[in-house]
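Only one structure is covered here, and it is reproduced in the block below.
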Amino acid sequence: MKKTKKIFFILFMVCLLLTATTAIVAEAAYFARGKFKDVFVNKQEYFSADILYSLSSIDSEKEKVGSPATEQNISVYNHDVHTGDFNAFDVTFDVYVWSESDLPEGKAYVFSYYENGVAKKIAISTTDHASPIASRTLIGGKSSTETFTVSFGYEEGEDLNGVPGLNVVVVPTYPERLSSVILGSTITPTGAESFSVSGSFDTSGKVEDYAAFTYQVRASGPVSSDVKIVLRWNANALTLMTQNKGFPSPAEEIQEGIYNRKIEWKAKNNDTDVFVFFRNTKNEMWNGEVYWSAIAGQVSVEYVEEAQE
317 MKKTKKIFFI LFMVCLLLTA TTAIVAEAAY FARGKFKDVF VNKQEYFSAD
367 ILYSLSSIDS EKEKVGSPAT EQNISVYNHD VHTGDFNAFD VTFDVYVWSE
417 SDLPEGKAYV FSYYENGVAK KIAISTTDHA SPIASRTLIG GKSSTETFTV
467 SFGYEEGEDL NGVPGLNVVV VPTYPERLSS VILGSTITPT GAESFSVSGS
517 FDTSGKVEDY AAFTYQVRAS GPVSSDVKIV LRWNANALTL MTQNKGFPSP
567 AEEIQEGIYN RKIEWKAKNN DTDVFVFFRN TKNEMWNGEV YWSAIAGQVS
617 VEYVEEAQE
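Letter 147 of the sequence shown, counting from 1, is numbered 463 in my numbering, and no numbers are missing.
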C-alpha cells in the first residue's frame, strides 16, 4: 500500500511539473505572438531604400537629398542590408515621381529603370502626381533590389540656385499590410552629392500592438573620415535593446533636454543602421493612449565632425 502511494505521489509530481512547463511555454508564446507583435517574431518584413525615408503620406514633408547635377541612382530593397535576411514573399510597389515646380518650356528631368532588360525612360516636367508612373515587384525568397536613375541634365558648373528638385515616392501595394510603409525624398541637383542623416520609427500599425519599436538611421551621400553619427534617446521611456540585430554599443549617460543616453559611431556612405527599442513600462507616458509622434520625440539623430567635440 505504501509502495502504491509512493508511485502515485511520483506520478502526481511529474504531472504537476509538466503542467507548469506547459504553462510557461504557453505564457511565452502569448507574449511573443499574442498580446504584443514582438519585432523578433513578427517583424521580418523588409521594405527600404538607400535615399528614401519614411513618410506618413505621399504629400507629407520630405527629406531633401543633394545630388550631382547629372544623375542620381535610387535603390529599393526587400532585405536587411546588414544581415542579408530577406522576405519570403513578393513585394509590389507603385512609384510616384513629380517636380517640385513646373520646369521651363523644353526642360524635363528623366526617370529611368529597366523592365525585362529593356530601358524605360519617363520625362518629368510638372507637379502632377495623381497616378504612379511605374509599378515594380521585389521578388521574395531571395535578396532583391530595384534600382532607378534620376537624370537632371545640367552641366558641371552650371548655376543650380533655385532649380526645382524631384519628388520620388514608393508605396507598397502588395501585401496590403505593408501599404502604410511609404518612403520618399526630394532629390535636389546641387552640383555635388551632399551627406545627410535621418532617423525614423517603423510606424506601421498601432502603437499599442507593439512591445518593441524599430528605428532606422539612414546616412546618404559621401562622408569624410572625421564624421560620426550620434543617436540620443530618453532612457526613461525607451530602452535600447539591439543595434543591427546585435548588442548595442555602450551608451554614455548625458543630460540634454529629455535625452539622457547616447551612442555614436563612424559614418559610412549610403548606410542604414537598425535599432530596436523596448518600452520602459515604468514611465508614465505608457499609462494612457500613446501616438507615434510621442515616441518619435524620445529619439534624435544627427551627424557631427569630430573636431567639433
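Note that the Cβ used here is the ideal one computed from N, Cα and C, for glycine as well.
It should be emphasised that the depicted structure is a prediction, and the values quoted were computed from it without experimental measurement.
For a quick check, are the C-beta atoms of Lys423 and Ser501 less than 9 Å apart?
Position 107 of the sequence shown, counted from the first residue, corresponds to residue 423. Position 185 of the sequence shown, counted from the first residue, corresponds to residue 501. Contact: no.
With DSSP run on the structure shown, which of helix, strand or coil describes Glu568?
Here residue 568 is taken as the residue at index 252 of the sequence shown, counted from 1. Strand at Glu568.
If you draw a straight line from the C-alpha of Arg577 to the C-alpha of Trp414, how long is it?
Sequence index remark: in the sequence shown, residue 577 carries index 261 (1-based). Sequence index remark: in the sequence shown, residue 414 carries index 98 (1-based). Distance between the alpha carbons of Arg577 and Trp414 is about 40 Å.
To the nearest whole angstrom, what separates the beta carbons of Thr461 and Ser383, a pair I think is in contact under 8 Å?
Taking the first residue of the sequence shown as position 1, residue 461 is located at position 145. Taking the first residue of the sequence shown as position 1, residue 383 is located at position 67. The C-beta separation of Thr461 from Ser383 comes to about 19 Å, leaving the pair out of contact by the 8 Å criterion.
Using alpha carbons as the reference points, say which of Val539, Asn552, Ser536 and Leu499 lies closest to Ser376.
What you label residue 376 is simply residue 60 of the sequence shown in a count that begins at 1. Comparing Cα-Cα distances from Ser376 to each of Val539, Asn552, Ser536 and Leu499, the minimum goes to Leu499.
Close-in-space but distant-in-sequence residues of the same chain around Ile611 (CB under 7 Å, 5 per side omitted):
What you label residue 611 is simply residue 295 of the sequence shown in a count that begins at 1. Excluding positions up to five away in sequence, the list reads Phe517, Val523 and Phe529.
Return the chain-ordered ranges of every beta strand (DSSP E) run that is complete within the stretch 431-504 and spans a minimum of 3 residues.
Counting only runs of at least 3 residues, the stretch 431-504 fully encloses the following beta strand (DSSP E) elements, listed from N- to C-terminal order: 434-440, 450-454, 461-467 and 482-490.
Note down, in chain order, each residue of its chain lying with its Cβ closer than 8 Å to the Cβ of Ser370, except the 5 sequence neighbours on either side.
Taking the sequence shown and counting its residues from 1, one reaches residue 370 at position 54. The beta carbon of Ser370 sits closer than 8 Å to the beta carbons of Val497, Ile498, Leu499, Ser516, Phe517, Asp518, Thr519 and Gln532 from its chain, once the five residues preceding and following it are set aside; these are given in chain order.
Which runs of the alpha helix (DSSP H), 4 residues or longer, sit entirely within the stretch 516-554?
Complete alpha helix (DSSP H) runs here, min 4: none at all.
To test your reading of the DSSP string, which unbroken beta strand (DSSP E) runs of 3 or more residues are found completely within the stretch 354-398?
Correct list: 369-371, 379-383 and 387-393.
Name the DSSP bridge partner or partners of Lys582?
Taking the sequence shown and counting its residues from 1, the one referred to as residue 582 is at position 266. Lys582 is bridged to Lys544.
Under DSSP, the alpha helix (DSSP H) around Ser609 begins and ends at which residues?
Looking up residue 609 in the sequence shown gives position 293. Residues Trp608 to Ala612.
Once the 5 residues before and after Thr588 are set aside, which same chain residues still bring their CB inside 8 Å of it?
The residue labelled residue 588 in the question sits at position 272 within the sequence shown. Excluding sequence positions up to five before and after Thr588, its CB lies within less than 8 Å of the CB of Ser364, Asp366, Val397, His398, Gln532, Val533, Arg534 and Ala535, all in the same chain and listed in chain order.
Quick check: what's the CA-CA separation for Val539 versus Ala450?
Numbered from its first residue, the sequence shown carries residue 539 at position 223. Numbered from its first residue, the sequence shown carries residue 450 at position 134. Each residue's alpha carbon lies about 32 Å from the other.
Does the beta-carbon of Val620, which I'm using as the reference point, lie nearer than 8 Å to any heavy atom of the ligand MN?
The ligand MN is not part of this structure, which contains no ligands at all.
Exposed or buried, what is Gln388 when buried is set at 16 or more other beta-carbons lying within 10 Å of its beta-carbon?
Along the sequence shown, read from residue 1 onward, the residue named residue 388 stands at position 72. Its Cβ being crowded by 16 or more others within 10 Å, Gln388 is buried.
Which residue's Cα is closest to the Cα of Glu605: Gly562, Asp525, Pro480 and Gly573?
Locating residue 605 in the sequence shown gives position 289, counting from the first residue. Among Gly562, Asp525, Pro480 and Gly573, the Cα nearest to that of Glu605 belongs to Asp525.
I need the DSSP call for Asn600, collapsed to helix, strand or coil.
For this step, residue 600 is matched to residue 284 along the sequence shown. The question names Asn, but residue 600 is Glu in the sequence shown. Helix, per DSSP.
At least 3 beta-carbon pairs within less than 8 Å: the stretch 589-597 vs the stretch 546-566
Between the stretch 589-597 and the stretch 546-566 there are three or more inter-stretch CB-CB distances shorter than 8 Å, so the stretches are counted as touching.
Classification of Arg548 by the beta-carbon crowding that lies within 10 angstroms, buried from 16 upward
Residue numbering aside, residue 548 sits at position 232 when the sequence shown is read from its first letter. Burial state of Arg548 is buried, judged by a 10 Å Cβ sphere holding 16 or more other Cβ atoms.
At least one CB of chain D closer than 9 Å to the CB of Asn550: is that the case?
Of the chains in the structure shown, none is chain D; there is only one protein chain.
DSSP state of Glu605 mapped onto helix, strand, coil
In the sequence shown, residue 605 corresponds to position 289, counting from 1. In this structure, Glu605 counts as coil in the three-state DSSP scheme.
Could you give the first and the last residue of the continuous beta strand (DSSP E) run that contains Asp410?
In the sequence shown, residue 410 corresponds to position 94, counting from 1. It spans Val407 to Ser415 - the beta strand (DSSP E) in which Asp410 sits, taken as one unbroken run.
Decide if Ile503 is buried, meaning its Cβ has at least 16 other Cβ atoms within 10 Å, or exposed.
Here residue 503 is taken as the residue at index 187 of the sequence shown, counted from 1. With 16 or more other Cβ atoms within 10 Å, it is buried.
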